[in-house]
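Colleague: Be aware that the sequence shown starts at 1, since it is given in UniProt numbering, and climbs by one per residue.
C-beta atoms are modelled at their ideal positions from N, C-alpha and C, and glycine is treated no differently.
Provided herewith is a single structure, encoded as structure tokens, for subsequent inquiry.
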Amino acid sequence: MAGSGVEVTDNHETTKWDPAFTEQVSKALGPLIKRWYRAEVRNIDNVPPSGGALVVSNHSGGMLTPDVLIFSPAFYNKFGYDRPVYTLGHYGIFMGPLDGWLRRLGVIEASRENAAAALHSGAVVLVFPGGDYDSYRPTFSANTIDFNGRTGYVRTAIEAGVPIVPTVSIGGQETQLFLSRGNWLARKLGLTRARMDILPVSFGFPFGLSVIFPPNLPLPAKIVTEVLEPIDVTAQFGDDPD
1 MAGSGVEVTD
11 NHETTKWDPA
21 FTEQVSKALG
31 PLIKRWYRAE
41 VRNIDNVPPS
51 GGALVVSNHS
61 GGMLTPDVLI
71 FSPAFYNKFG
81 YDRPVYTLGH
91 YGIFMGPLDG
101 WLRRLGVIEA
111 SRENAAAALH
121 SGAVVLVFPG
131 GDYDSYRPTF
141 SANTIDFNGR
151 TGYVRTAIEA
161 GVPIVPTVSI
171 GGQETQLFLS
181 RGNWLARKLG
191 LTRARMDILP
201 VSFGFPFGLS
211 VIFPPNLPLP
221 AKIVTEVLEP
231 IDVTAQFGDD
241 PD
């Protein structure tokens, strides 16, 4: 990509986004998700209307998180399908049968390089810094956002010269009863050696007690997502914010 310092080849992940397919899925699933969760996305117009932007959000709902399926349709309904929303995802989700579909919908493997390429292309990038650690936080701590010390998104925004758009969602941890992240259980079973730092324990319908599998179906808790005003990190804090 000329002038950006980021080289994007024809096979780069960002080239696999399919706007027509995204529109079909968004229009099919968006209304269903909105009705099930009585979902609201407030102040979507706080996303800049053009240019790259890094949307930074908390993550909720465990394995069947609805966060992307709530935010993305709201974005496309407002801004259209000429400008993609790329979602940074854990490499593990691309190892299953939905790999091709996810990439066509704009899900790309989480890395600073991929984020930079997407941002320099003028796209919106959606990132959940807390990942599974945040998504599986206990229900009694639902109102506590914990990114587990991950702050790399700040440097990503600075290097790409784009604003951070803070986004907060509530209600996702009420879709089932999340009891524990299971850090202690993961350590006890030696799973940390396989890069599994948590082994979440939850209770829900129809399987009752679950340790990751089988995943219970999400209850129709109301979910509200609020998009806050953009932050120009460099303008407010300088090139090297503490």
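Please identify the residue among T22, Y153, E229, E174 whose C-alpha is closest to the C-alpha of L69.
Modeller: Looking up residue 69 in the sequence shown gives position 69. Of the listed residues, the one whose Cα sits closest to L69 is T22.
Colleague: V201 by DSSP, collapsed to three states: which one?
Modeller: Numbered from its first residue, the sequence shown carries residue 201 at position 201. Of the three classes helix, strand and coil, the one that applies to V201 here is strand, per DSSP.
Colleague: Just to confirm before moving on: does the CB-CB distance between V233 and I158 stay below 8 Å?
Modeller: Reading the sequence shown from its first residue, position 233 is the one you call residue 233. Reading the sequence shown from its first residue, position 158 is the one you call residue 158. Yes; because the gap between Cβ atoms is below 8 Å, this pair is in contact.
Colleague: Please check the pair L185 and G204, which I expect to be a contact at CB under 8 Å, by giving their CB distance rounded to whole angstroms.
Modeller: One-based indexing of the sequence shown puts residue 185 at position 185. One-based indexing of the sequence shown puts residue 204 at position 204. Contact doesn't hold; Cβ gap of about 18 Å is too wide.
Colleague: Is Y153 buried or exposed, if buried means 16 or more other CB atoms sit within 10 Å of its CB?
Modeller: The residue labelled residue 153 in the question sits at position 153 within the sequence shown. Looking at its Cβ environment, which holds 16 or more other Cβ atoms inside 10 Å, Y153 is buried.
Colleague: Since I believe I164 is in contact with P218 (beta carbons under 8 Å), could you give me their beta-carbon distance rounded to a whole number of angstroms?
Modeller: On the sequence shown, residue 218 is found 218 positions in, with the first residue counted as 1. On the sequence shown, residue 164 is found 164 positions in, with the first residue counted as 1. Actually they are not in contact, since the Cβ atoms of P218 and I164 sit about 28 Å apart, beyond 8 Å.
Colleague: Measure the CB-CB distance between V201 and G51 and report whether it falls below 8 Å.
Modeller: Locating residue 201 in the sequence shown gives position 201, where the first residue counts as 1. Locating residue 51 in the sequence shown gives position 51, where the first residue counts as 1. No, the Cβ-Cβ distance between V201 and G51 is not below 8 Å.
Colleague: I'd like the span of the alpha helix (DSSP H) that includes R195, first residue to last.
Modeller: By one-based count along the sequence shown, residue 195 stands at place 195. Run containing R195: none; DSSP gives neither H nor E here.
Colleague: Going residue by residue through the UniProt domain "Phospholipid/glycerol acyltransferase" (53 to 172), where are the continuous alpha helix (DSSP H) segments of at least 4 residues, counting only ones entirely within it?
Modeller: DSSP runs (the alpha helix (DSSP H)) wholly in the UniProt domain "Phospholipid/glycerol acyltransferase" (53 to 172): 67 to 79, 99 to 104, 112 to 120, 131 to 135, 152 to 160.
Colleague: Among the residues of its own chain, which have a CB less than 7 Å from the CB of N11, if the five just before and after it don't count?
Modeller: Residue numbering aside, residue 11 sits at position 11 when the sequence shown is read from its first letter. Nothing listed; no residue qualifies.
Colleague: Just verifying my parser: in three-state terms, what is the DSSP assignment at E229?
Modeller: Looking up residue 229 in the sequence shown gives position 229. Correct three-state label for E229: coil.
Colleague: Name the residue from G182, G172, D239, G92 whose alpha carbon lies nearest to the alpha carbon of residue 243.
Modeller: The chain is shown only over 1 to 242; residue 243 falls outside these bounds and no answer can be derived.
Colleague: If you run the structure through DSSP and keep just helix, strand and coil, what is L217?
Modeller: In the sequence shown, the residue the question calls residue 217 occupies position 217. Note: L217 maps to strand in three-state DSSP.
Colleague: Which residues does DSSP pair with S50 in a beta bridge?
Modeller: As a first step, residue 50 must be located in the sequence shown, where it is residue number 50. The partner list for S50 (beta bridge, DSSP) is empty, contrary to what the question assumes.
Colleague: Run the CB neighbour count on residue 244, radius 10 Å, all protein chains shown included, and call it buried at 16 or more, exposed below.
Modeller: It is not possible to answer for residue 244, since the shown part of the chain is limited to 1 through 242.
Colleague: Tell me, please, whether the region 32 to 52 touches the region 135 to 149 by the rule of three or more beta-carbon pairs shorter than 8 Å.
Modeller: Judged by Cβ distances under 8 Å, the region 32 to 52 makes no contact with the region 135 to 149, as fewer than three pairs qualify.
Colleague: Please report the distance separating the alpha-carbon of L209 from that of D240.
Modeller: Translated into positions along the sequence shown, residue 209 becomes position 209. Translated into positions along the sequence shown, residue 240 becomes position 240. L209 and D240: Cα-Cα distance of roughly 46 Å.
Colleague: Does the pairing of the region 86 to 100 with the region 36 to 50 give three or more beta-carbon distances under 8 Å?
Modeller: Touching, no, given that fewer than three Cβ pairs across the two stretches are closer than 8 Å.
Colleague: Quick check on the DSSP output: the alpha helix (DSSP H) that includes L29 runs from which residue to which?
Modeller: Against the sequence shown, residue 29 aligns to sequence position 29. It spans 19 to 37 - the alpha helix (DSSP H) in which L29 sits, taken as one unbroken run.
Colleague: Decide if P220 is buried, meaning its Cβ has at least 16 other Cβ atoms within 10 Å, or exposed.
Modeller: As a working mapping, residue 220 is identified with position 220 in the sequence shown. Exposed is the call here.
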